[in-house]
Every structure is written in C-alpha cells, then in structure tokens.
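Engineer: Numbering (full-length UniProt numbering), first residue to last: 1 to 186. Quick one: structure below, then a few questions.
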Amino acid sequence: MLVNDLRPGSTFLYDGNIFVVLENSFSKSGRQQGKVTVKIKNLRTGARLELTFTGGEKVDKAMIEKKDMQYLYNDGSNCMLMDTETYDQVEIASSKLEWELKFLTEGTMVKMTEYEGEILGITIPEKMELEVVEAEPAVKGDTTSGAQKKAKVETGLEIQVPLFIKEGEKVIINTNDGKYAGRASN
1 MLVNDLRPGS TFLYDGNIFV VLENSFSKSG RQQGKVTVKI KNLRTGARLE
51 LTFTGGEKVD KAMIEKKDMQ YLYNDGSNCM LMDTETYDQV EIASSKLEWE
101 LKFLTEGTMV KMTEYEGEIL GITIPEKMEL EVVEAEPAVK GDTTSGAQKK
151 AKVETGLEIQ VPLFIKEGEK VIINTNDGKY AGRASN
C-alpha cells in the first residue's frame with residue numbers, strides 16, 4: 001500500500017511493528033516530491049510517534065481482526081475473555097490492559113484485536129456505566145458553580161463528580177480520559 005493512501009484507522013507493518021494511523025498530513029513544496037507525515041500508535045507497545053515518508057513509498061498493510069468478546073475476570077496477572085459465539089476463552093496479561101481495567105466489570109462486551117493469532121489488546125466502549133461505592137459527603141454551603149467531590153466506583157477508579165452524586169448511584173464515565181460524563185438513567 002502506498003503511504004499516500006494512509007488514513008486515520010489504517011493499519012500497517014513497518015520496521016517489524018504493527019501501527020495504526022491516528023492522524024495524517026501531506027505536504028509538497030516546489031518541485032520536490034511530497035512528504036506524508038503520520039502520527040501513529042504501535043499496537044504492540046502502545047507507544048505513539050510521528051513518521052515522515054516520501055510520497056510514493058510503500059508499506060505493507062496489516063490485516064487486523066476484531067472479535068466480539070466478553071470480559072470475565074482478572075486474576076491479578078491475567079484477564080480472561082470469552083468468545084461469545086464459540087465460548088472459547090482467551091487470556092491476556094493484565095499489564096497489557098492497565099487503562100482498560102479501570103472501567104471493566106464482569107460481563108462487559110469488548111472488541112479484541114489480533115494480528116495473525118497475536119493478541120494486540122482490546123477496545124472498550126467509549127462510555128461506561130459504573131456504580132459509585134464511596135462518595136465524600138457534600139460540604140454544606142459549598143454552592144460554587146461546578147463544585148466537585150471525590151468518589152470511587154466499583155472498579156476502584158477514583159473520579160471527581162458533582163456534589164449531588166451519592167453512594168449507590170450509577171454514573172457514566174468517559175473511557176478516553178477517565179472523567180465523569182453524566183448520571184446514568186435508572
């Protein structure tokens with residue numbers, strides 16, 4: 001595949017690694033050949049970097065498979081996922097899913113990504129509904145606009161929530177930044 005065809009979401013092999021394109025840009029000045037600059041993420045390590053190619057260079061396309069899986073549990077060192085069609089179970093090292101584990105509860109549906117049998121990781125929903133298990137009491141008289149307090153959700157993640165949120169309530173959390181996104185409707 002030509003580097004000129006790389007778009008956000010494209011996956012390719014380069015220098016022995018698998019990358020996904022996050023952003024791309026093309027620049028050309030005068031008679032020089034154009035340059036393609038891509039911001040990419042290494043799907044094995046999670047590292048983000050920027051590469052610049054000469055227009056017309058080629059990279060190998062990586063065919064990434066995505067499977068619907070159900071998160072079962074974390075035993076401390078590994079996470080268990082189950083294929084909802086075949087009931088096959090797959091283990092992924094917990095260290096590969098440190099961020100995702102902040103939002104996962106038993107039974108959550110996720111998408112597992114793999115390349116030629118190598119499990120690269122999982123994608124979780126953009127917003128997750130979690131129960132508040134601990135919440136600081138609201139301070140009387142604290143009525144400043146947008147006042148917040150600490151709360152802990154069922155996965156152990158600590159977040160800032162509005163003063164009206166109480167223990168036992170369900171809240172919606174944005175999984176991209178780990179912040180409160182709203183109150184869940186009951």
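Beta carbons are placed, not taken as given, at the ideal position from N, Cα and C, and that holds for glycine. Here the structure is a predicted model, which means the values were calculated and not measured.
Residue range of the beta strand (DSSP E) that residue 190 falls in?
Structural biologist: Given that the chain is displayed from residue 1 to residue 186, the structure contains no residue 190 and the question cannot be resolved.
Engineer: Across the region 65-79 and the region 16-31, are there enough close Cβ pairs to call them in contact, namely three or more that are closer than 8 Å?
Structural biologist: no
Engineer: I need the DSSP call for Leu-163, collapsed to helix, strand or coil.
Structural biologist: coil
Engineer: Relative to the C-alpha of Lys-111, which candidate in Lys-67, Arg-7, Asp-88 and Phe-26 has its C-alpha closest?
Structural biologist: The shortest Cα separation from Lys-111 among Lys-67, Arg-7, Asp-88 and Phe-26 belongs to Lys-67.
Engineer: For the region 152-166 and the region 103-118, state whether three or more C-beta atom pairs, one from each stretch, are separated by less than 8 Å.
Structural biologist: yes
Engineer: Ile-173: which of Ile-159, Glu-167 and Glu-50 sits nearest, CA to CA?
Structural biologist: Ile-159
Engineer: Is it true that the CB of Thr-52 sits closer than 8 Å to the CB of residue 188?
Structural biologist: In the structure displayed, the chain extends from 1 to 186; residue 188 sits before or after that span and is not available.
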